[in-house]
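In this note's numbering, the protein residues as written are 133 to 617.
The beta-carbon is built from N, C-alpha and C at its ideal position, and this holds for glycine as well.
What you are looking at is a predicted structure, and each value in this text was computed from that prediction instead of being measured.
Worksheet: one structure, shown below.
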Amino acid sequence: MIEVRAEGGIHLPQAGIWLDPRTARDFAFVSHAHSDHIARHRRVLLSGPTSRLLGVRLSGERVEEVLPFGAPRDFDRFRATLLPAGHVLGASMLLLEHEEGSLLYTGDFNLRPGIACETAAWAPAETLVMETTFGLPRYRFPPTESVIASFLDFCRETLEEGGVPVVLAYSLGKAQEALRLAADAGMSVMVHGAIHALAQVYAELLPDFPTFERYTAGRVQGKVLICPPSAAESPMVRRIANRRTVSLTGWAMDPQYRFRSRCDLALPLSDHAGYDDLLRLVEQVAPRRVLTVHGFAEEFAADLRARGIEAWALEGRNQLDLPLRITGPSATAPGPTPAHPEHETSPPGPLDGFGTLCEALAATTSRLRKIAHLAAFLENLEPADLRRTVAWVAGNPLPGRAGRRLQTGGALLRRAVAAAARLPEAEVRVATRRLGDTGLAARELLAGRTRPEPWSFAATEELFEALAGARGPVERTDLLGTALA
Ligand SMILES: [Zn+2]
Numbered sequence: 133m134i135e136v137r138a139e140g141g142i143h144l145p146q147a148g149i150w151l152d153p154r155t156a157r158d159f160a161f162v163s164h165a166h167s168d169h170i171a172r173h174r175r176v177l178l179s180g181p182t183s184r185l186l187g188v189r190l191s192g193e194r195v196e197e198v199l200p201f202g203a204p205r206d207f208d209r210f211r212a213t214l215l216p217a218g219h220v221l222g223a224s225m226l227l228l229e230h231e232e233g234s235l236l237y238t239g240d241f242n243l244r245p246g247i248a249c250e251t252a253a254w255a256p257a258e259t260l261v262m263e264t265t266f267g268l269p270r271y272r273f274p275p276t277e278s279v280i281a282s283f284l285d286f287c288r289e290t291l292e293e294g295g296v297p298v299v300l301a302y303s304l305g306k307a308q309e310a311l312r313l314a315a316d317a318g319m320s321v322m323v324h325g326a327i328h329a330l331a332q333v334y335a336e337l338l339p340d341f342p343t344f345e346r347y348t349a350g351r352v353q354g355k356v357l358i359c360p361p362s363a364a365e366s367p368m369v370r371r372i373a374n375r376r377t378v379s380l381t382g383w384a385m386d387p388q389y390r391f392r393s394r395c396d397l398a399l400p401l402s403d404h405a406g407y408d409d410l411l412r413l414v415e416q417v418a419p420r421r422v423l424t425v426h427g428f429a430e431e432f433a434a435d436l437r438a439r440g441i442e443a444w445a446l447e448g449r450n451q452l453d454l455p456l457r458i459t460g461p462s463a464t465a466p467g468p469t470p471a472h473p474e475h476e477t478s479p480p481g482p483l484d485g486f487g488t489l490c491e492a493l494a495a496t497t498s499r500l501r502k503i504a505h506l507a508a509f510l511e512n513l514e515p516a517d518l519r520r521t522v523a524w525v526a527g528n529p530l531p532g533r534a535g536r537r538l539q540t541g542g543a544l545l546r547r548a549v550a551a552a553a554r555l556p557e558a559e560v561r562v563a564t565r566r567l568g569d570t571g572l573a574a575r576e577l578l579a580g581r582t583r584p585e586p587w588s589f590a591a592t593e594e595l596f597e598a599l600a601g602a603r604g605p606v607e608r609t610d611l612l613g614t615a616l617a
């Protein structure tokens, strides 16, 4: 079997190529043009549409090996065939054939028929390296037609009532899907500047792509406005007093998502495969070994192993169990963080909404408003999380154990943040003084230095219990530092 290494990117040393590395490499396969998959490589292997979209997003020179879909090409040490991945326009899977074995790398993929991109195709391979963003059974998406119908109903009703439907969709891929859906249903569409240049490439490459205009203030009434999620709270959007917002994302399957994203409606239109399609792909590729990346990689690999399939998360805790030929992540520095997170790869933690709730509660003195915020949040919680939330907002971190305290004062917090950020403690002290709050200092100092993972109510309670039961400040600092890192 071909050797696969996780070294701050997926490396195939025998073939001499990297797959979607986040840092600049000599030769890399770029599966698609989302910003967390691109970097300034010397030489890239990619599809024609990805090359065009990459040109919009990344300046500079590079040697491009552009391959049409389905036509194999021989390189020095391997044969490559690109297959459409159905994720965004141009997104490709790579079938790599080498004397050591064959490998199919999915990149980000989606098996439902493409609305504004190619429909996915795949091929059998000995090793399958697949993305598993939605690798839990709770991400079984409803039928696409019903999601699309709800989306169009929302837009039509909002327009009929004299409002502006504001669609929050990632600027490459989802935005162009929303554009096509709304325009093909007869609605006029305006797009945010971040979406416009990319939509122009779609219009060039897809002959029947509908017309659209770039957002101009004062001309949006009677139209559907499509914005990236990062613009949801921007002055541009907030100025539209009669707006109603809809968010299109697979994370809408989480009951808390709508609250977290503060939109009026959240619909699970995903450009990643849901749980069922992840399983379907494994079944059809029929590999001897599966390696998972992104999202719930460890959970999905464990799920496959329980079904009798050899499967491992390429990065993460289970690497200790991995066969020796797959090595763990190296100390390579992480790539630059994209200015506009536009991607569904990192799941929003269930606790994101809790932070927003606390901010909302603190921001108002009105008891009625506090009650409304709490009611909206509690509505969809599991019973165990209800108990936790109620205790926590009442200022009690250890429900059912009145009087016990966490004993995590300012000095201990600063030491834990310093340990997690690998910075001298003095730096944390300076930042805390400047920002007036250890929490704000932690956010600033830890940004880009940690590997964020979804963080649940249960994990928080576990941490609180551990802190309360710790034998002394050293153990407490350790517990907290590890949780933050
Ligand atoms: Zn992507």
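Any heavy atom of ligand 2 inside 7 Å of the beta-carbon of residue 426? This structure simply doesn't include ligand 2; it includes ligand 1 instead.
What did DSSP end up calling residue 454 once you bin it into helix, strand or coil? Low per-residue confidence applies at residue 454: pLDDT is 42, beneath 50, and the placement is therefore not dependable, though the value from the model is reported in the following sentence. Three-state result, residue 454: coil.
Just to confirm before moving on: does the CB-CB distance between residue 540 and residue 612 stay below 8 Å? yes
Less than 8 Å between the C-beta atoms of residue 384 and residue 399, yes or no? Between residue 384 and residue 399, the gap from beta carbon to beta carbon is short of 8 Å.
Following a CB-centred definition, is residue 505 positioned closer than 7 Å to any heavy atom of ligand 1? False, no ligand heavy atom lies under 7 Å from that Cβ.
Does the contact criterion of 3 or more C-beta pairs under 8 Å hold for the stretch 309-321 versus the stretch 416-435? Short answer: they don't touch.
Determine the burial state of residue 494: buried for a count of at least 16 other Cβ atoms within 10 Å of its Cβ, exposed for fewer. exposed
What are the boundary residues of the beta strand (DSSP E) that includes residue 524? It is not in any beta strand (DSSP E) - residue 524 instead sits in the alpha helix (DSSP H) that spans 515-525.
Per DSSP, what are the beta-bridge partners of residue 162 in this structure? Paired residue(s): none; residue 162 is not in a bridge.
For residue 381, which three-state DSSP category applies? In the structure shown, the three-state DSSP call for residue 381 is coil.
So which of 247, 607, 183, 237 has the shortest CA-CA distance to residue 258? 237
Within its chain, find whatever has a CB closer than 6 Å to the CB of residue 463; leave out the 5 residues flanking it on each side and keep chain order. Because residue 463 carries a pLDDT of 30, less than 50, the predicted location of this residue cannot be relied on, and no value is offered for it.
Give a single yes or no on whether residue 386 has its beta carbon closer than 7 Å to a heavy atom of ligand 1. no
Following a CB-centred definition, is residue 169 positioned closer than 7 Å to any heavy atom of ligand 1? yes
Would you say residue 167 reaches chain B, if we count a Cβ-Cβ gap shorter than 8 Å as a contact? Among the protein chains of the structure shown there is no chain B, as only one such chain exists.
Going by DSSP, what residue range makes up the alpha helix (DSSP H) through residue 407? 407-417
For residue 510, report the span of its alpha helix (DSSP H) as first-last. Note, residue 510: alpha helix (DSSP H), 499-510.
Rounded to a whole number of angstroms, what is the C-alpha to C-alpha distance between residue 348 and residue 301? 19 Å
Specify the secondary structure class of residue 467 as computed by DSSP and reduced to three states. Confidence in residue 467 is poor, its pLDDT being 31 and thus under 50, which makes the residue's placement unreliable; the coordinate value appears in the next sentence. In the structure shown, residue 467 sits in coil (DSSP, three-state: anything other than H, G, I, E or B).
Outcome for residue 594 when other beta-carbon atoms lying within 10 angstroms are tallied against a minimum of 16: exposed
Would you report the Cα separation of residue 286 and residue 173, rounded to the nearest angstrom? The straight-line gap from Cα to Cα measures roughly 43 Å.
Contiguous beta strand (DSSP E) assignments of at least 3 residues, all confined to the stretch 195-279: Runs of the beta strand (DSSP E) inside the stretch 195-279: 195-198, 211-216, 224-230, 233-237, 259-263.
Could you give the distance in angstroms between the alpha-carbon of residue 411 and the alpha-carbon of residue 435? 10 Å
Distance, Cα to Cα, residue 329 vs residue 441? 43 Å
Decide if residue 569 is buried, meaning its Cβ has at least 16 other Cβ atoms within 10 Å, or exposed. exposed
Given 8 Å, three or more beta-carbon pairs between the stretch 219-227 and the stretch 382-397: no
Under 7 Å: does the beta carbon of residue 517 sit that close to some heavy atom of ligand 1? no
Option in 205, 561, 445, 407 with minimal Cα separation from residue 272: 407
Taking the CB atoms as reference points, tell me whether residue 317 and residue 284 lie closer together than 8 Å. Taking 8 Å as the Cβ cut-off, residue 317 and residue 284 qualify as a contacting pair.
Is residue 164 a contact residue of ligand 1, with contact defined as CB to any heavy atom under 7 Å? yes
Is residue 230 close to ligand 1? I mean its beta-carbon at under 7 Å from any heavy atom of the ligand. no
Does the beta carbon of residue 409 fall short of 7 Å from some heavy atom of ligand 1? no
Using the C-alpha atoms, what's the distance from residue 519 back to residue 167? Across the structure, residue 167 and residue 519 are spaced so that their CA atoms are roughly 40 Å apart.
Quick one: what's residue 376 bridged to in DSSP? According to DSSP, which records beta bridges pairwise, residue 376 is partnered with 297.
Applying the 10 Å Cβ sphere with the 16-neighbour rule, what's the burial state of residue 517? buried
From residue 629 to residue 152, what distance separates their C-alpha atoms? Lying outside 133 to 617, the shown extent of the chain, residue 629 is not represented and no answer is given.
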